[in-house]
Amino acid sequence: MIKPYVADLHIHTVLSPCAEIEMTPKLIIDKALSKQIDILAITDHNSAENVKAVIKAATGKKVKIFPGIEVETREEVHIICIFDDPEKTLELQKMIYRNLPNIKNKEEIFGAQLVVNSKGEFIRKNERLLLTATSLSIEDVVKKVKELDGICYPAHIDRPSYSIISNLGFIPPQLNFLAIEISSKADIYDILLNHEELKNYTIISSGDAHRLSELSTRTVFWIEKPTLDELKLAFLNKNGRKVSLKKHRKEKT
Ligand SMILES: [Zn+2]
Ligand SMILES: [Zn+2]
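Residue numbering for the sequence shown follows our numbering, beginning at -5 and increasing consecutively.
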């Protein structure tokens, strides 16, 4: 039976230097449950070192966690990549780490990059700056995610920086993205008014949460169960699966 699942597929943990210290596995899950969010994707910048901790913290809870990464390509475009298996996410991480400049994180400027366990206890710091461009092209990322049977789509395309539209001016059609992501407060009608070519994409909206209050309930997946295959069908609008977006409070109709 197809049912609505509220999803936020773009969440940062304390591993992302720009995320607040409250973004620990348990607090993220507690917040999701209190907002009746059914599905989350953990997508730290260029790394997946906290995904297993969040998945473990969600054991027995009524929220499904997808492991993912927000990759920064050499075009300085952010791409959300999501998988059904943390090991596949770590495969992508391997490729990212081989293509990430070896720069030490300046904690006092960017913030700490903390690896934690499922209880949110400190394990170690990732000393390498994660919040920077890799030498991977958008094509490289799309190809690797496809090999690993994952899903990827351009992040926050309405933003003036780190977005495929701001940096390339358009979405190369040969990339065959299944979806595009807009920010939680973006006005979808404004975006389509300026970029008519985007109307053929499935649009999702995510919180890009760097603090708990930013978890978004705007995107609803109409699927049978919370699996990656079902999300793919919803992106493709197939077999009765679909994505719907709740209107943002200030959005025009
Ligand atoms: Zn981003
Ligand atoms: Zn993000």
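Yeah, the Cβ is synthetic: ideal placement off N, Cα and C, and Gly gets one too.
Bear in mind the structure is a predicted one, so any value in this text is a computation, not a measurement.
Using a 10 angstroms sphere on the CB of Gln87, the tally of other CB atoms reaches 16 or more, which defines it as buried. Distances between the C-beta of Asp202 and the heavy atoms of ligand 2 include at least one below 6 Å.
When C-beta atoms of the stretch 153 to 160 are compared with those of the stretch -3 to 9, fewer than three pairs fall below 8 Å, so the two segments do not count as touching.
The residues Trp216, Ile217, Glu218, Gly234 and Arg235, in chain order, have a CB closer than 8 Å to that of Ile(-4) in the same chain once the five nearest residues on each side in sequence are set aside. In the structure shown, the three-state DSSP call for Ala1 is strand.
Ser41 carries a strand assignment under DSSP once its states are collapsed to helix, strand and coil. Taking 3 residues as the minimum length, the beta strand (DSSP E) runs contained wholly in the stretch 193 to 218 are 196 to 200 and 213 to 217, in order along the chain. Cβ neighbours of Phe60 within its own chain (closer than 6 Å, five residues either side excluded): Ala35 and Ile76. A contact is defined here as three or more CB-CB pairs under 8 Å, and the stretch 89 to 98 fails this definition with respect to the stretch 51 to 59. Using a Cβ distance threshold of 7 Å, Leu206 and Lys29 do not count as a contacting pair. Taken in chain order, the unbroken stretches of alpha helix (DSSP H) that lie wholly in the stretch 27 to 72 and span 4 residues or more are 45 to 51.
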